[in-house]
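Chains A and B, in that order, are what the protein sequence lines are. Anchor point for the first sequence: position 8 equals 5 in my numbering, and the numbering is continuous, going up by one each time. Anchor point for the second sequence: position 86 equals 83 in my numbering, and the numbering is continuous, going up by one each time. All remarks here apply to the structure that follows.
Number of protein chains: 2
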Amino acid sequence: MRRISESTISRLSLYYRTLETLQRENVTTISSGELARSNKFTPAQVRKDLSFFGSFGTRGLGYPVSELKDKIASILGLCKTWNVALVGVGNVGSALVSYKEFQRQGFIIKKIFDNDLRKIGKNHKGILVSDVKNLNMELKENKIEMVIIAVPSSEAQKVVDEVVGAGVRTILNFATTNLKVPENVVLRSVNMAMELEHLSYALANQKR
Amino acid sequence: MRRISESTISRLSLYYRTLETLQRENVTTISSGELARSNKFTPAQVRKDLSFFGSFGTRGLGYPVSELKDKIASILGLCKTWNVALVGVGNVGSALVSYKEFQRQGFIIKKIFDNDLRKIGKNHKGILVSDVKNLNMELKENKIEMVIIAVPSSEAQKVVDEVVGAGVRTILNFATTNLKVPENVVLRSVNMAMELEHLSYALANQKR
DNA sequence: ATACTCTTGTGAATTCTTTCACATATTTTA
DNA sequence: TAAAATATGTGAAAGAATTCACAAGAGTAT
């Protein structure tokens, strides 16, 4: 199968959200045109995106809402659950532990790590905080598939290297710093500063 | 000037961060090659991106770190300050108020709005929380240029409509929902669910 | 049954983005 | 001061992503 572009995946996420809403409203069928309109895409775009994965529609009618939703869920891997570890229980870290969307998407936080002796050994929303020193061993033992980095930027690369060393190939990063990972590791960074810079550019360049 | 792509702006953000680091390390000059390597881009990409805005380098030598950094700051509008209002002081909202990067990028939170009577009239990190009922009027009075939406998804579209009605043309959204804005309004959404779905897709489709 | 309407699925065309490749400018070396 | 080395800036080429446009399937009405 031809490699699927990041933008296609992003759009699938958006379609998925729209379909969730439609399902709640008991809509059973939707055309590419309507699906497009609610997200400011073109109908052709919607059809092309879906066509990479199969043909889910009925000509003359459209797509069955609930089936298409399930199909996208399966494409995005939302039907499975993943073992996740969180490194760093500061502001961001603890916010994440209570973020419900995480669970809902099948990301199960199995382990939490920190280097602060006052936190280690204590419970954090039902999960024991472990010493980051044991990171490598514990990641392997617990078959962790994804790690969330929520440590200060200065520490981030060090943690990433260890995590990669332990064989984890998927990382979600909240530190605002350029992290280096090998070719075969998927790293996504939630980079607020970058979002802000997009907005700042838009503000600075908007037509009056 | 030809329209600049989103990806170019994203990369400028990354160059900017690299240049900040280089400046701290007292590096005075950098080539497109080195700038590319530290971000996994190609040298040509770097040069092309910069060339949209002018020619800042010296042939045979490279780019002057501090000048280029300042130039990018000015392109991204980071030299100015912007009047920002925050709507919704829940978990996300209050985290944002204390987020230092905001200030550093020149986003000054002038007003905070909520609909919770227990919060209205009280101070939140030095800023008075106003009733969201007065949104329209107060946005105009305070010349607010950007609004941050940190309300529950169910309320988000309603708030957006009001904000747009008050003439604000730049919105940063934290609600996980598809918001509709007119053509001339810039809306960026920080959508954690979408990030997660990218990772989930990567996990589900990674080669074993 | 037949005609008509609707909407998908998909090659082809178009548009947008990235990379190549080289003329040109500047610094360094000798 | 001349030759060598280096690195920019940019048209042109290549590659990706998006949109077009239409054949073909499916439902609906008569």
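The beta-carbon is built from N, C-alpha and C at its ideal position, and this holds for glycine as well. If you're wondering where the values come from, they're calculated on a predicted model, not measured in any experiment.
- Counting C-beta atoms within 10 angstroms of its own C-beta, M134 of chain A has fewer than 16 neighbours from the protein chains shown and is therefore classed as exposed.
- Note on A41 of chain A: under 16 other CB atoms within 10 angstroms of its CB, so exposed under the neighbour-count rule.
- For F104 of chain B, the chain A residues whose Cβ falls inside 9 Å of its Cβ are L193, L196 and S197, in order along the chain.
- Contact of N170 of chain B with chain A by beta-carbon distance below 7 Å is absent, the smallest such distance being about 10 Å.
- Judged by DSSP in its simplified three-state form, T167 of chain A adopts strand.
- Setting aside the 5 residues that flank it on each side, V156 of chain B is surrounded in the same chain by V84, I146 and V148, each with a C-beta closer than 7 Å to its C-beta; the list follows chain order.
- Within the model, the alpha-carbon separation for S63 of chain A versus N188 of chain A is close to 33 Å.
- A straight-line Cα-Cα distance of about 19 Å links L196 of chain A and A92 of chain B.
- For Y13 of chain B, the CB contacts under 6 Å within the same chain, skipping 5 residues up- and downstream, are I69 in chain order.
- Per DSSP, D46 of chain B is one residue of the alpha helix (DSSP H) stretching across P40 to S48.
- The beta carbon of D128 of chain A sits closer than 6 Å to the beta carbons of I117 from its chain, once the five residues preceding and following it are set aside; these are given in chain order.
- In chain order, Y12, T15 and V43 place their CB closer than 7 Å to the CB of L32 of chain B, counting only its own chain and leaving out the 5 sequence neighbours on each side.
- DSSP lists A:L169 as the beta-bridge partner residues of R185 of chain A.
- Per DSSP, the beta-bridge partners of L125 of chain B are B:N120.
- Straight across, the Cα-Cα distance linking Q154 of chain A with F171 of chain A is about 12 Å.
- Less than 7 Å divides the Cβ of V94 of chain A from the Cβ of K122 of chain A.
- About 11 Å separates the beta carbons of F49 of chain B and R8 of chain B, which is beyond the 8 Å limit, so they are not a contact pair.
- Contacts with chain A (Cβ-Cβ distance below 7 Å) from the region 80 to 94 of chain B involve N88 and A92, listed in chain order.
- Looking at the backbone, the Cα of D113 of chain A and that of K130 of chain A are separated by about 11 Å.
- Burial is judged here by how many other beta carbons sit within 10 angstroms of a residue's own beta carbon; T167 of chain A has at least 16 and is buried.
- Think of a sphere of 8 Å around the beta carbon of L75 of chain B: the chain A residues whose beta carbon falls inside it are E194 and S197, in chain order.
- At a beta-carbon threshold of 8 Å, the residues of chain B lying near I6 of chain A are E194, H195 and Y198, ordered along the chain.
- Residues of the same chain with a CB within less than 6 Å of the CB of V24 of chain A, apart from the 5 flanking positions on each side, are V62 in chain order.
- According to the DSSP assignment, F99 of chain A belongs to the alpha helix (DSSP H) that extends over K97 to R101.
- Partner residues in the beta bridge of D111 of chain B, as assigned by DSSP, are B:D128.
- The Cβ atoms of D111 of chain A and V126 of chain A sit closer than 7 Å to each other.
- In the three-state reduction of the DSSP assignment, G57 of chain B falls in the coil class.
- Secondary structure note for A92 of chain A: its alpha helix (DSSP H) is the uninterrupted segment N88 to V94.
- For E17 of chain A, the nearest beta carbon of chain B is not closer than 7 Å to its own beta carbon.
- DSSP places L73 of chain B in the coil class of the three-state scheme, outside both helix and strand.
- It is roughly 37 Å from the alpha-carbon of L132 of chain B to the alpha-carbon of S28 of chain A.
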